[in-house]
Amino acid sequence: MVAINDSTDSSFFKENPKIFKDEHELLRYIVPFKNWVIGRPDRKEYAIRNGAPKLLLNLFSLENLSMNEKYQVFVVLNSLMSEDQDPFVQFLRHEDLLSVMQMISKRDSTPYGMLNITLKVFNTMLSFDKAAEYVTQLHSDSIINQMFDLYTLPLKEQPSLDVLRISNLSSKILHRLILYNSKVGDSPRFCSALFQITNRATQLRLYSRRRFWNDCSILITNSLGTLNAYLKQHVKSYKQREKTRLESNGHVSPRDMDLDEIENVFEGNKDKVALFKSEIFGPNGDEYITQLFCLVRQFDPCIRLLSISCLVTLYKAGILSKNQTKEIQMIVTPILIRLFFESREAKQIAPRILAIIINENEIMQKTAVNAGFIDAAKYLLEYATKEEENEINFLSDELQSSVCFNLPATKKEQKNLILESVLLAVAALTTSKDEYRKLIVDAKYLPVIINALKINSNSVKKAACECLLSLSRSVYILRTGLADADVSEPLIKLLSDPDTRVKSTATSAICNLVLKFSPLREKFLTTNFIDTLISNISTKDSSLRKKTVWVLRHVVFGDDETIQLEPLKKIGASKLVELCNDEDLGVQEQMLQVLRNFTCQKEESVDFLLKMVPMELLAKILLEKLESKNPILIEPSIYILVHIAASDGELRDSILRQTKLLLLVKEIMLQEAQRLKPEQMSTNVSSPESDSEMDLQEDDFDREMRPPFDIYEEDTYEPNSEILLAGIWLCINILWPKQCTSPSQEDKERASILQNLGFGECLQMLQNHSSPDVRERVKDALMYINVTD
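The sequence shown begins at 92 in the numbering used here and counts up by one.
Here it is in structure tokens:
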């Protein structure tokens, strides 16, 4: 309990000992109690700890309260809620919410002062999830209509501070309600009102100058924030409808696609865009978008940021026209970079919005670099990591009074948010081009990125891992800029982080750093590192499991036999089989890739695997993967057989005894040959020595490893020549002659078996295939299979 030390405090409670025991007694002294607590955090905490929340809420049920008594109760309630909301959550009842809504519904007979404080209390109550769910589920239409009516007051009445503040509070409540229910009656009418209020507030700011300046600025930011939330909810709703359509048409299973995977929901379809614009904006969609671009040029950083946020929501959904997209590139992107040097809230928000625009978009990335991103981001990183004495915690009035951005209040948290936002922007810039990765390395970003891995903030650590992931996609940077970087120790430590998302992103970053040709590989391959990976394999989080197995896929590909064998020894046979049949398709694929890399080029590794998993069991597993008809499982499965067949004659004969498996391989080859289009042909030379996965982690490696703002493309499993090449290599390795001079009897018998299974005819069909790789390998296979002629 908080001690009350001064004599005034103690005398107040000595004179009123029952004030925290009975609501009637509290009501009796409500005015002196209000004066006692307001402006004093220590007294507020004392009152909260002694049961004031329950008593104040109980007062709601008293029907004979006068308007003035209600006003005083609401003032005290609002003051205490602003100090600590948690104690109110357990005591808040449905009837309390109904009492507040009833008060709002009688606005014609309620003084503006009373209405103002009632809306403040209601807005705070709606920050409780259960309260918001109750209101939106049972009273959505009525309360939204009431809030809409109050929000549009500036269009109906002469401007005053009360009118503007009631409109502001109503916009906050609408914002909260939209997050739970995007259906706001007549959508075009709602959007029209948002733009009308914004225009009205902009005019009032201009003509009334100081009188309404602050309240009008807050109203504009709240209106734009509500608009952005509304647009996001409608885009999300459209994505859900699109996903449902794809599922009903059989194009995708419910588990194969998340909403975030549908990047451009309109697929460049002008009719769909026009229909969506009409649903949201009515006939004035382009006019409203033009107004947003005008607001981008406003002097106020908060208004700029929120108008840009609305435009970026439309841009990412693919709603903007080519000319409007060009304005995003030529106007919005440079303005965002200039905002790096503006207010502290701009420093926190602008880099994050820029990251959304430039992520995996080389045109936008080039614009950002030309607009001075490298120097501006470096300035922000220095600002965020610089220790300053006597720095005051500060947020502008617009953002303190807005629900649009949930920004932290403390100096340390604000600087961490700046650091996180800049790192996400750096990660977004470096997703594609080595040129920009080199600029980042040359500008000495790496020490800041590495240091960010050690900061006590999950978001910052995750963002730093994103940067390392993007940078490590470049072979050049991997061998130069990152070669001497001290990243192994902090990244290995993050593999044991309590936060699963941090572990997951750190695992993604490590994936490229342990490739065979990476200079950092040896620093990672320690017993502690392997043990941590094996531990994470058993996590319930499927994304982390997949990434961990992907790292193992690269770890087992190497020349050091001890390092290569250790992971599989520690995994064990039962867990290995379990991972091959994991409920997550990605985990299955990566475990098969682990076995593919593990068996590549080494007879010892093949023998080790077959001791763990006998050939009959392995063949059964591989047969199930081939029967799935899923190319991401088919290709590694066949290559495992390719590597086993490359070992010795006994194992080749063992494969030849798996008739059902071989017939399925032949069937798949025929299907792939018929489905493959010329533009999908590989131009890379393949061989048993180079068929393992040694590519850098591709951009579709995993969705969670990249910035949370990103919207990803749907995975598409198109047929490719690698499956054909795998099947041809299997024929070559099975038929590989025992001696170079003339075919032995064993060679002829193996060729005869494959001929009888139909592989000869299959290979004949592939002689004129469009892919040069396929044609070259087919020549070799036919040479060996025709020894029986």
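Even glycine gets a Cβ: it sits at the ideal position worked out from N, Cα and C.
Note that the C-beta distance between D533 and I568 is not below 8 Å. If you draw a straight line from the Cα of V593 to the Cα of M238, it is about 40 Å long.
The Cβ atoms of S261 and L210 lie closer than 8 Å to each other. When DSSP assignments are scanned along the segment 430–484, the uninterrupted stretches of alpha helix (DSSP H) that are 4 or more residues long and fall wholly within it turn out to be 435–449, 453–461 and 464–476. Burial is judged here by how many other beta carbons sit within 10 angstroms of a residue's own beta carbon; C853 has at least 16 and is buried.
For the set V513, P538, A475 and L544, the Cα lying nearest the Cα of I449 is the one of V513. In the displayed model, C691 falls within coil according to three-state DSSP, outside both helix and strand. Cβ-Cβ distances below 6 Å link F151 to D187 and S190 in the same chain, with the five nearest sequence neighbours on each side left out; the list follows chain order. In the same chain as S170, and ignoring 5 residues on each side of it, the C-beta atoms closer than 8 Å to its own belong to K125, V128, I129 and K135, in chain order.
Annotation: S738 is outside any alpha helix (DSSP H) and is labelled neither H nor E by DSSP. A straight line joining the alpha-carbon of T317 with that of D220 spans about 18 Å. D675: not part of any alpha helix (DSSP H); DSSP gives it neither H nor E. When Cβ pairs closer than 8 Å are counted between the two stretches, the segment 165–183 is seen not to touch the segment 229–245, the count staying below three. Counting C-beta pairs with one atom in each stretch, the segment 469–476 and the segment 404–420 have fewer than three that are closer than 8 Å, which means they do not touch.
For E504, the uninterrupted alpha helix (DSSP H) run begins and ends at K502 to L520, by DSSP. Straight through space, the alpha carbons of S328 and L270 are spaced by roughly 12 Å.
In the three-state reduction of the DSSP assignment, H645 falls in the helix class. Relative to the Cα of D177, the nearest Cα in the group Q163, K145, M158 and A597 belongs to K145. Annotation for Q163: I121, V122 and K125 place their beta carbon closer than 8 Å to its own, counting only its chain and skipping 5 residues before and after. In this structure, DSSP gives E154 a state outside helix and strand, which the three-state scheme calls coil. Take K661, set aside five residues on each side of it, and the residues of its chain with a beta-carbon closer than 8 Å to its own are I621, D622 and I625, in chain order. For K109, the secondary structure class from DSSP, reduced to helix, strand or coil, is coil. Inter-residue distance for D864 and C558 is about 36 Å (C-alpha atoms, whole angstroms). Annotation for I394: the continuous alpha helix (DSSP H) segment containing it runs P392 to A408.
Pairing L676 with S719, the inter-Cα distance amounts to about 11 Å.
N859 carries a coil assignment under DSSP once its states are collapsed to helix, strand and coil. Note on the segment 301–331: there is no whole alpha helix (DSSP H) run with a minimum of 4 residues. The C-alpha of W827 is placed about 13 Å away from the C-alpha of I735. If only complete runs of 4 or more residues are kept, the segment 536–570 shows the alpha helix (DSSP H) at 537–543, 549–563 and 566–570, in order along the chain. Contact annotation: V640 and M682 have beta-carbon atoms nearer than 8 Å.
In this structure the segment 424–435 does not lie against the segment 375–382, because fewer than three pairs of beta carbons, one per stretch, are closer than 8 Å. Rounded to the nearest whole angstrom, the CA to CA distance from E433 to N305 is 18 Å.
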